[in-house]
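Presented below is the structure to which this report refers.
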């Protein structure tokens with residue numbers, strides 16, 4: 013079975029920037045309090061009329077153009093989201109219609125903040141098995157729709173955005189003696205802890221979490237999962253050129269990565285500082301920015317690691333386009 017790779021990336025964020033000072037006028041908080049506890053300085057908030065599908069379409073269109081493909085080349089569209097209001101038709105189908113993709117399999121995937129890496133693995137498996145030639149994998153969220161703006165413990169975190177990747181098979185000539193572009197996935201869940209991050213009530217959903225419980229889970233259990241994802245790709249953490257985790261909270265990310273034996277020059281995604289927590293969109297959004305700024309070279313091995321509601325996780329080593 014052929015290997016797979018990320019052929020191209022794209023990202024999109026709403027125009028509106030919300031600062032910490034603006035939040036301080038809404039709830040009892042301050043710029044210093046938010047920075048100290050989360051590392052977040054700004055976040056992007058979508059307009060009332062913007063939907064998850066709208067955000068996803070722009071990011072996916074950029075990825076499609078960067079890959080040099082036509083809409084007819086795409087056989088599969090997978091959109092990871094937990095905040096979309098639309099149930100049917102799926103947001104993936106709306107993206108396919110907007111981009112003129114004629115007859116692709118299109119479905120939404122909800123695995124919370126672990127959604128993009130889960131969707132990436134699912135699409136990679138489909139391409140590798142020959143069920144699709146090229147796939148669009150998107151993480152898109154409008155978390156502002158599910159934010160309780162009176163809860164200072166969560167409203168300071170959440171934001172909106174989208175990131176997308178084109179997944180394609182690796183040509184046989186490129187597979188000779190080289191690692192595949194998307195490594196084996198390390199994924200799973202701990203349903204017994206599912207209530208620690210939740211988004212309940214279909215008609216008026218609000219995001220809630222037990223922050224300290226999540227922090228302990230991430231910092232005690234995720235390092236071993238990150239190492240296993242590297243091992244499955246035939247690498248060690250020290251071999252990585254970059255690490256892009258779910259951008260939940262800068263303090264959490266730093267505490268997690270301190271436990272890995274990373275090289276001194278490894279590139280760490282810290283997009284949470286300017287983008288906030290965009291749930292399933294955070295990993296592709298941060299990765300696309302690093303590649304666009306050329307902070308990661310083509311072919312560089314990067315660990316993607318997402319985690320969140322469920323409690324679920326998914327991670328894999330990929331080669332940068």
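Numbering (my numbering), first residue to last: 13 to 333.
Even for Gly, the Cβ is constructed at its ideal location relative to N, Cα and C.
- Setting aside the 5 residues that flank it on each side, residue 108 is surrounded in the same chain by 89, 116 and 118, each with a C-beta closer than 6 Å to its C-beta; the list follows chain order.
- Fewer than three Cβ pairs drawn from the region 233 to 241 and the region 165 to 179 lie within less than 8 Å of each other, which leaves the two stretches out of contact.
- The DSSP-derived three-state label of residue 106 is helix.
- Counting only runs that start and end inside the region 80 to 162, the beta strand (DSSP E) elements of at least 3 residues fall at 86 to 92, 117 to 121 and 146 to 154.
- Beta-bridge partners assigned by DSSP to residue 172: 154.
- Minimum Cα-Cα distance from residue 151 among the listed residues 245, 132 and 304 corresponds to 132.
- Taking a C-beta distance under 8 Å as the contact criterion, residue 300 and residue 23 qualify as a contact pair.
- Here residue 75 is buried: its Cβ has 16 or more other Cβ atoms, across all protein chains shown, within 10 Å.
- Distances from the CA of residue 277 to each of 266, 244, 253 and 128 were compared; the closest alpha carbon is that of 253.
- In this structure the region 284 to 292 lies against the region 49 to 62, because at least three pairs of beta carbons, one per stretch, are closer than 8 Å.
- Leaving aside the five residues that flank residue 303 on each side, the residues in its chain whose CB is nearer than 6 Å to its CB run, in chain order, 21 and 332.
- Assignment of residue 61 by DSSP, reduced to helix, strand and coil, places it in the coil class.
- Separation of the CB atoms of residue 156 and residue 36 is rounded to 17 Å, and the pair is thereby denied contact status at 8 Å.
- The residue among 256, 273 and 260 with its C-alpha nearest the C-alpha of residue 281 is 256.
- The three-state reading of DSSP puts residue 32 in helix, counting H, G and I together.
- Closest by C-alpha distance to residue 260, out of 273, 195, 243 and 165, is 165.
- By the CB criterion at 8 Å, residue 314 and residue 258 fall outside the cutoff.
- Out of 102, 13 and 195, the CA that lies nearest to the CA of residue 93 is found in 102.
- Around residue 110, the same chain offers 69 as residues with beta carbons nearer than 6 Å, after the five sequence neighbours per side are excluded.
- Per DSSP, residue 45 has no beta bridge partner at all.
- A direct Cα-Cα distance of roughly 42 Å separates residue 134 from residue 40.
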